[in-house]
Amino acid sequence: MAEMSVSEEFTWAFTGGRVERVPTSLMNEVVHTSPTIGSNVEEIVVKNTHFLMWDIGGQESLRSSWNTYYSNTEFIILVVDSIDRERLAITKEELYRMLAHEDLRKAAVLIFANKQDMKGCMTAAEISKYLTLSSIKDHPWHIQPCCALTGEGLCQGLEWMTSRIGVR
Numbered sequence: 006m007a008e009m010s011v012s013e014e015f016t017w018a019f020t021g022g023r024v025e026r027v028p029t030s031l032m033n034e035v036v037h038t039s040p041t042i043g044s045n046v047e048e049i050v051v052k053n054t055h056f057l058m059w060d061i062g063g064q065e066s067l068r069s070s071w072n073t074y075y076s077n078t079e080f081i082i083l084v085v086d087s088i089d090r091e092r093l094a095i096t097k098e099e100l101y102r103m104l105a106h107e108d109l110r111k112a113a114v115l116i117f118a119n120k121q122d123m124k125g126c127m128t129a130a131e132i133s134k135y136l137t138l139s140s141i142k143d144h145p146w147h148i149q150p151c152c153a154l155t156g157e158g159l160c161q162g163l164e165w166m167t168s169r170i171g172v173r
């Protein structure tokens, strides 16, 4: 398992579109989060590579300000709730809006298909098909099934990011 912590007592979890610093001792317990209002910035370390991550709120009223964070962005991390089929249309629309922005022309895309532990969740393949990811030709992309509560799949997704550094 790759190192995903700034200090040993904390693990990074992606929950409901958020990047959360969660005490490792709680990783097998339910973690309650709330939607991001505005933005938060955190640093994580993956295989000795430091990432400065902006967690930007996804509420409709905040989306128009997203582009203020795009300058010098190398990766877009999109966390999809694999249970919430109704929000996929909005997710798709916003993903392609981001990919069309000039400041993100070189950004790679990592999509976490979260909540894979839930009964009735969409698979990563189903989400990929709905989002028509195969049509994305100008941006490297990867979809990673995960469960933020247990950490399953998170390291693999972040390791994909580290493998992309210097490739572009």
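Numbering-wise, the working numbering comes out as the position in the sequence shown, counting from 1, plus 5. By construction, the Cβ of each residue, glycine as well, lies at the ideal position given by its N, Cα and C atoms.
Burial state of residue i, where buried means 16 or more other Cβ atoms lie within 10 Å
i	result
K120	buried
D143	exposed
S76	exposed
M123	exposed
I148	buried
Residues of its chain near residue i, where Cβ-Cβ distance is below 6 angstroms and the 5 sequence neighbours each way are ignored
i	result
P150	A118, Q121, A129 and G158
C126	S87, I88 and K120
Within-8 angstroms CB hit, residue i to chain C
i	result
L136	Absent from the structure: chain C. Only one protein chain is present.
Cβ-based neighbour list, residue i, same chain, cut-off 7 angstroms, excluding 5 preceding and 5 following
i	result
F2	Nothing can be reported for residue 2: it is not among the residues displayed for the chain, which extend from 6 to 173.
Residue i beta carbon near the ligand PLP (any heavy atom closer than 7 angstroms)
i	result
M127	The model depicted lacks the ligand PLP and carries no ligand whatsoever.
Top-ranked residue by Cα proximity to residue i, from the options
i	options	result
I170	A153, L154 and W146	W146
S87	Q161, S168, A153 and C160	A153
R110	S168, K97, T78 and T96	T78
Contact belief for residue i with residue j at Cβ below 8 angstroms, rounded distance in angstroms
i	j	result
V85	I132	6 angstroms
Problem set entry | Stretch pair the region 136–154 + the region 90–103: three plus CB contacts closer than 8 angstroms | Using a Cβ-Cβ distance cut-off of 8 angstroms, the region 136–154 and the region 90–103 are in contact, since at least three pairs of beta carbons, one from each stretch, lie closer than that value.
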